[in-house]
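Visitor:
2 protein chains.
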Amino acid sequence: MPKPAPTTPDSTLKATGLRVTPVRVGVLGVLSKAAAPIDVPAILAKLPPGTDAVTVYRTLNTFTRKKLVHRVRGEDRSWRYAAGGAAAETERHAHRHPHFVCDACGTVECLSGAEIPRTLVRSLGVGAGYGVTYAEVVLHGVCPRCG
Amino acid sequence: MPKPAPTTPDSTLKATGLRVTPVRVGVLGVLSKAAAPIDVPAILAKLPPGTDAVTVYRTLNTFTRKKLVHRVRGEDRSWRYAAGGAAAETERHAHRHPHFVCDACGTVECLSGAEIPRTLVRSLGVGAGYGVTYAEVVLHGVCPRCG
DNA sequence: GGCCAAATGCAAGTCAGTGGCATTTAGGAT
DNA sequence: ATCCTAAATGCCACTGACTTGCATTTGGCC
Numbered sequence: 001m002p003k004p005a006p007t008t009p010d011s012t013l014k015a016t017g018l019r020v021t022p023v024r025v026g027v028l029g030v031l032s033k034a035a036a037p038i039d040v041p042a043i044l045a046k047l048p049p050g051t052d053a054v055t056v057y058r059t060l061n062t063f064t065r066k067k068l069v070h071r072v073r074g075e076d077r078s079w080r081y082a083a084g085g086a087a088a089e090t091e092r093h094a095h096r097h098p099h100f101v102c103d104a105c106g107t108v109e110c111l112s113g114a115e116i117p118r119t120l121v122r123s124l125g126v127g128a129g130y131g132v133t134y135a136e137v138v139l140h141g142v143c144p145r146c147g
Numbered sequence: 001m002p003k004p005a006p007t008t009p010d011s012t013l014k015a016t017g018l019r020v021t022p023v024r025v026g027v028l029g030v031l032s033k034a035a036a037p038i039d040v041p042a043i044l045a046k047l048p049p050g051t052d053a054v055t056v057y058r059t060l061n062t063f064t065r066k067k068l069v070h071r072v073r074g075e076d077r078s079w080r081y082a083a084g085g086a087a088a089e090t091e092r093h094a095h096r097h098p099h100f101v102c103d104a105c106g107t108v109e110c111l112s113g114a115e116i117p118r119t120l121v122r123s124l125g126v127g128a129g130y131g132v133t134y135a136e137v138v139l140h141g142v143c144p145r146c147g
């Protein structure tokens, strides 16, 4: 039988036409294992000590441009990154999904299961001349841990 | 006949129990005249020269806490403020409304006319234990000027 | 192995926003 | 009208996220 489509950081990078370097492999690995979107300090903490923050910032910018990852903001002023942009493993996962922000502890979660209703943009009645690319939906509230 | 309910910065501040100071009156005035959410540098530019930025930051934090204004983020890393939080002139306007961000020029607009469907949060099927306070909806795209 | 654009690492800079503290002031009490 | 005090201001320095410049290293192709 054919290979079961491993989808390693390595293969993802090659498929996107990016060079395979330690930092890139590391960042992709961290993000694919993370349960929720995390910020740069958190990513850095899971990478080998001594990893340069600037390189990680540049790596994440590259990934975002290439749509290997997507980013969200919580209430604070930093970006949180999560694996799975448009070029994610399964094309089915390639849509924008809603997020949940806990305003108590600041954590952000992807509501990957949910889909933003296609009717939403329509129902808001945006004026003519506006070209809507996508809708961003962030639910604010309190998570079970802070409940 | 009775006074036609002027709703000046002065009256708004008094009604909220805040002291009436030049900076506060100025900030409220600027925001109430602004057509779209603007950031601190833009607010500062419309205030008398020499106005202290720190004071404006603190003023905006106070206003946000008291819900005299609301704030949104565009693609950049700064907050944009707009008049009209929960304690706005008309109570009818007191809901959270969707926003539009032009990813080309960075401007943000309030879609004040539109209402976020009450069914939205429900339809996303948030897990038990999550207490949703409100939903944030931001449409991304290109505005008529950049179209 | 050798080449070279791409990626990295380090220093330094930018920019939004905050904290500390002495001074001023709004506005109720007198 | 004057006094008093907590609240607000102004100024300084600071934090933290992110960027820019540049010299050095390296992935990947020949």
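Chains as they are written, first to last, in the numbering used here: chain A, 1 to 147; chain B, 1 to 147.
Don't be surprised by glycine CBs; every beta carbon is placed ideally from N, CA and C.
These numbers come from a predicted model, not from an experiment.
(1) Tell me which residue opens and which closes the alpha helix (DSSP H) that G29/A is part of.
(2) Got a sec: which bits of the segment 10-42 of chain B sit with their beta carbon under 9 Å from any beta carbon on chain A, in order along the chain?
(3) Against chain A, does R73/B count as a neighbour if the rule is that its beta carbon must be under 8 Å from one of theirs?
(4) For the segment 41-60 of chain B against the segment 116-128 of chain B, are there 3 or more C-beta pairs whose distance is under 8 Å?
(5) Helix, strand or coil for V138/B per DSSP?
(6) Report the neighbours of D103/B on chain A: residues whose CB is nearer than 9 Å to its CB, in chain order.
(7) Answer with yes or no whether the minimum CB distance from F63/B to chain A is below 8 Å.
(8) Compare the C-alpha of C105/B against each of R122/B, G147/B, H97/B and name the closest.
(9) Excluding the five sequence neighbours on either side, which residues of its own chain have a C-beta within less than 6 Å of the C-beta of D39/B, listed in chain order?
(10) Once the 5 residues before and after Y148/B are set aside, which same chain residues still bring their CB inside 6 Å of it?
(11) Would you verify that the beta carbon of R77/B is, or is not, closer than 8 Å to some beta carbon of chain A?
(12) Would you verify that the beta carbon of S112/B is, or is not, closer than 8 Å to some beta carbon of chain A?
(13) Between which two residues does the beta strand (DSSP E) harbouring A82/B extend?
(14) If we cut at 8 Å on Cβ distances, does H70/A have a partner in chain B?
(15) Cutting at 8 Å between CB atoms, please list the residues of its own chain near T51/B, excluding the five before and the five after it.
(16) Of the residues V132/A, S123/A, V137/A, which one's Cα is nearest the Cα of C110/A?
(17) Can you name the residues of chain B whose CB is closer than 7 Å to the CB of V138/A?
(18) Just to make sure I have the definition right: I need the residues of chain A whose C-beta is within less than 9 Å of the C-beta of H108/B. Which are they?
(19) E109/A bridges to which residues according to DSSP?
Guide: Once the coordinates are examined:
(1) The residue labelled residue 29/A in the question sits at position 29 within the first sequence. From DSSP, the alpha helix (DSSP H) with G29/A extends over 22-33.
(2) none
(3) Residue numbering aside, residue 73/B sits at position 73 when the second sequence is read from its first letter. Taking Cβ atoms only, chain A reaches closer than 8 Å to R73/B, which makes this a yes.
(4) no
(5) Position 138 of the second sequence, counted from the start, is the residue given in the question as residue 138/B. Strand at V138/B.
(6) Residue mapping note: residue 103/B aligns to position 103 of the second sequence, counting from 1. Neighbours of D103/B on chain A, chain order: T133.
(7) Position 63 of the second sequence, counted from the start, is the residue given in the question as residue 63/B. With 8 Å as the cut-off, F63/B does not count as an interface residue toward chain A.
(8) On the second sequence, residue 105/B is found 105 positions in, with the first residue counted as 1. Check the Cα spacing between C105/B and each of R122/B, G147/B, H97/B: the tightest is with G147/B.
(9) Within the second sequence, residue 39/B is the residue found at index 39, counting from 1. If we look at D39/B and ignore the five residues flanking it on each side, its Cβ neighbours are S78, R80.
(10) Past the boundaries of the shown model lies residue 148/B; chain B is included only from 1 to 147, so the question cannot be answered.
(11) As a position in the second sequence, residue 77/B is number 77, starting the count at 1. Yes, because at least one Cβ of chain A sits closer than 8 Å to the Cβ of R77/B.
(12) For the purposes of this step, residue 112/B is taken as residue 112 along the second sequence, with counting starting at 1. It does not; no Cβ of chain A falls within 8 Å.
(13) Against the second sequence, residue 82/B aligns to sequence position 82. 79-83 is the span of the beta strand (DSSP E), which, as asked, contains A82/B.
(14) On the first sequence, residue 70/A is found 70 positions in, with the first residue counted as 1. No, because no Cβ of chain B sits closer than 8 Å to the Cβ of H70/A.
(15) On the second sequence, residue 51/B is found 51 positions in, with the first residue counted as 1. Around T51/B: V23, G26, L44.
(16) Taking the first sequence and counting its residues from 1, the one referred to as residue 110/A is at position 110. Nearest C-alpha to C110/A: V137/A.
(17) As a position in the first sequence, residue 138/A is number 138, starting the count at 1. The answer, in chain order, is E136.
(18) Counting from 1 along the second sequence, the entry for residue 108/B is found at position 108. According to the sequence shown, residue 108/B is Val rather than His. Those within 9 Å of V108/B in chain A number zero; the least Cβ separation is about 12 Å.
(19) The count along the first sequence starts at 1 and reaches residue 109/A at position 109. DSSP output for E109/A lists F100/A as bridge partner(s).
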